[in-house]
Amino acid sequence: MQSLNVHQAPATNKATPPNPKKVKLSFDYNASPDGDSKGPFANLGKNLKLPQTGTLSVQAPEPVPYMDGCFQWFPSFDMLTGDLLTPANPERLKGLIRTRNLMDELIQHLIMDCGFNASNIYFFGFSQGGTVALDTVLFGKVRNLGGVVSISGYLLEEQRVDRKIGDGYGGYILVTQGEKDDTIGSKFEAEKRFKAIERQCASSAEISHVFISNKNHTMPSSEREWRLIHTFFGKNMSRRNIELENMSDVYLVK
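Under full-length UniProt numbering, the sequence shown has 147 at position 147, and the numbering climbs by one with no breaks.
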């Protein structure tokens, strides 16, 4: 059984941890896509430059067969034929549930040991990473996570029959989709997959589905798509007024 390992930063890292009295404990989780490593997504987290926000890039837990250095969030390929697994193959969902349990463990660590508020934890994922991010907020143990940006990632087709947990997820979700995405297929198929996400959400949830012209199954590259992502985080992630809090005549009443 796989386990979660949180490693201490190297001793050469001279950075000091943020002061919770001065910096809001917001957190952005970046899920690397199928077949990729955590390195590029770590740089993406830095480049987003979200104020008062820490970022963490999480590498998928399962090695991709015959592809050294590549990882997947759940099984995608038939090891005998190399073909993509279909929804009829139970290994896909079994693998996703294994990953869900690992994500639950990580999130509990962030909340209980690191002091992050669940509602301040947001997710960004591409393709398989987007699937895991959505699965985590919709079906994970922590029910009040902040939100998800999923790039060309949806729930697995076999999850369409899953029942909504309680009243459903009540946070924020943005899914962007390329109009020329050969992996997802037609616009009708993408809309059908998005409706499966909607069915797992509460009436209070704010969710949106945006199609990007001239885009295939790739990470964001256009100004329009990046603007949508920044607007999503800027609108929904809470901020503290540090200047106001530092004024000598302002008091916090609890």
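Just so it is clear, CB atoms sit at the ideal spot from N, CA and C, and this is done for glycine as well.
Quiz item: Is it buried or exposed for Asn120, if we count other Cβ within 10 angstroms and need 16 for buried?
Solution: Within the sequence shown, numbered from 1, the residue matching residue 120 stands at position 120. Its Cβ being crowded by 16 or more others within 10 Å, Asn120 is buried.
Self-check item: Given Lys180 as reference, the closest of Asn214, Val137 and Arg163 once Cα atoms are compared
Solution: Sequence index remark: in the sequence shown, residue 180 carries index 180 (1-based). With distances taken between Cα atoms, Lys180 lies closest to Asn214.
Practice problem: Label Tyr66 either buried or exposed according to how many other C-beta atoms from any shown protein chain fall within 10 Å of its C-beta, with 16 as the threshold for buried. | Solution: Locating residue 66 in the sequence shown gives position 66, where the first residue counts as 1. That one is exposed.
Exercise. Kindly provide the ranges of any alpha helix (DSSP H) runs that are 4 or more residues long and lie completely inside the segment 119-175, ordered along the chain.
Key: 128-139
Quiz prompt | Coil, strand or helix - Pro90 by DSSP | solution = On the sequence shown, position 90 is the one that residue 90 refers to. Note: Pro90 maps to helix in three-state DSSP.
Practice problem: Pull up the distance between the alpha-carbon of Pro75 and that of Leu50, whole angstroms please. | Solution: As a first step, residue 75 must be located in the sequence shown, where it is residue number 75. As a first step, residue 50 must be located in the sequence shown, where it is residue number 50. Their backbone Cα atoms lie some 32 Å apart in a straight line.
Quiz item: Is it buried or exposed for Ala190, if we count other Cβ within 10 angstroms and need 16 for buried?
Solution: Within the sequence shown, residue 190 is the residue found at index 190, counting from 1. With 16 or more Cβ atoms within 10 Å of its Cβ, Ala190 is classed as buried.
Self-check item: Beta-carbon separation (whole angstroms), Val149 vs Val137, contact threshold 8 Å
Solution: Position 149 of the sequence shown, counting from 1, holds the residue named residue 149. Position 137 of the sequence shown, counting from 1, holds the residue named residue 137. With 8 Å as the limit, Val149 and Val137 do not qualify as a contact, their Cβ atoms being about 11 Å apart.
Quiz item: Which whole-angstrom value describes the C-beta separation of Phe77 and Pro61, a residue pair presumed to lie in contact below a C-beta threshold of 8 Å?
Solution: Along the sequence shown, read from residue 1 onward, the residue named residue 77 stands at position 77. Along the sequence shown, read from residue 1 onward, the residue named residue 61 stands at position 61. Wrong, their Cβ atoms sit about 16 Å apart, outside the cutoff.
Exercise. Find out if the Cβ-Cβ distance for the pair Val142, Thr176 is shorter than 8 Å.
Key: As a working note, residue 142 is residue 142 in the sequence shown. As a working note, residue 176 is residue 176 in the sequence shown. Cβ atoms of Val142 and Thr176: not closer than 8 Å.
Self-check item: Nearest-angstrom Cα separation, counted from Pro220 out to Val58
Solution: For this step, residue 58 is matched to residue 58 along the sequence shown. For this step, residue 220 is matched to residue 220 along the sequence shown. So the alpha carbons of these two residues sit roughly 19 Å apart.
Practice problem: Whole angstroms is fine: what's the gap from Leu174's alpha carbon to Pro63's? | Solution: Taking the sequence shown and counting its residues from 1, the one referred to as residue 174 is at position 174. Taking the sequence shown and counting its residues from 1, the one referred to as residue 63 is at position 63. Rounded to whole angstroms, Leu174 to Pro63 spans 28 Å at the Cα level.
Practice problem: Please check the pair Leu145 and Ala196, which I expect to be a contact at CB under 8 Å, by giving their CB distance rounded to whole angstroms. | Solution: Taking the sequence shown and counting its residues from 1, one reaches residue 145 at position 145. Taking the sequence shown and counting its residues from 1, one reaches residue 196 at position 196. Rounded, the Cβ-Cβ distance is 19 Å, inconsistent with contact.
Quiz item: Which term fits Ser152, buried or exposed, when burial requires 16 or more other beta carbons within 10 angstroms of its beta carbon?
Solution: By 1-based counting over the sequence shown, the position of residue 152 is 152. The residue is buried, with at least 16 neighbouring Cβ atoms inside 10 Å.
Exercise. Within 10 angstroms of the Cβ of Thr131, are there 16 or more other Cβ atoms? Answer buried if so, exposed if not.
Key: Counting from one through the sequence shown, the residue named residue 131 turns up at place 131. Classification of Thr131: buried, given that the 10 Å Cβ count is 16 or more.
Quiz item: Roughly how many angstroms separate the alpha carbons of residue 289 and Thr55, rounded to a whole number?
Solution: The question about residue 289 has no answer here: the residues shown for the chain are numbered 1 through 254.
Self-check item: Between the CA atoms of Ser186 and Asp113 - distance to the nearest angstrom
Solution: What you label residue 113 is simply residue 113 of the sequence shown in a count that begins at 1. What you label residue 186 is simply residue 186 of the sequence shown in a count that begins at 1. So the two alpha carbons sit approximately 44 Å from each other.
Quiz item: Can you name the start and end residues of the beta strand (DSSP E) that His209 belongs to?
Solution: Taking the first residue of the sequence shown as 1, we reach residue 209 at position 209. Segment Glu206 to Ile212, the beta strand (DSSP E) holding His209.
Quiz prompt | Proximity below 8 Å, CB of Tyr172 to CB of Asn236 | solution = Walking along the sequence shown from the start, residue 172 turns up at place 172. Walking along the sequence shown from the start, residue 236 turns up at place 236. Contact flag set, yes.
Exercise. Name the one or two DSSP bridge partners that Glu62 has.
Key: Numbered from its first residue, the sequence shown carries residue 62 at position 62. DSSP output for Glu62 lists Gln72 as bridge partner(s).
Quiz prompt | Same chain only: Cβ atoms within 7 Å of Glu206, ignoring 5 sequence neighbours per side | solution = Residue numbering aside, residue 206 sits at position 206 when the sequence shown is read from its first letter. So the list reads Tyr172, once near-sequence residues are dropped.
Quiz item: Do you know how far the Cα of Gln52 is from the Cα of Ser222?
Solution: By 1-based counting over the sequence shown, the position of residue 222 is 222. By 1-based counting over the sequence shown, the position of residue 52 is 52. Looking at the two C-alpha atoms, the distance is approximately 25 Å.
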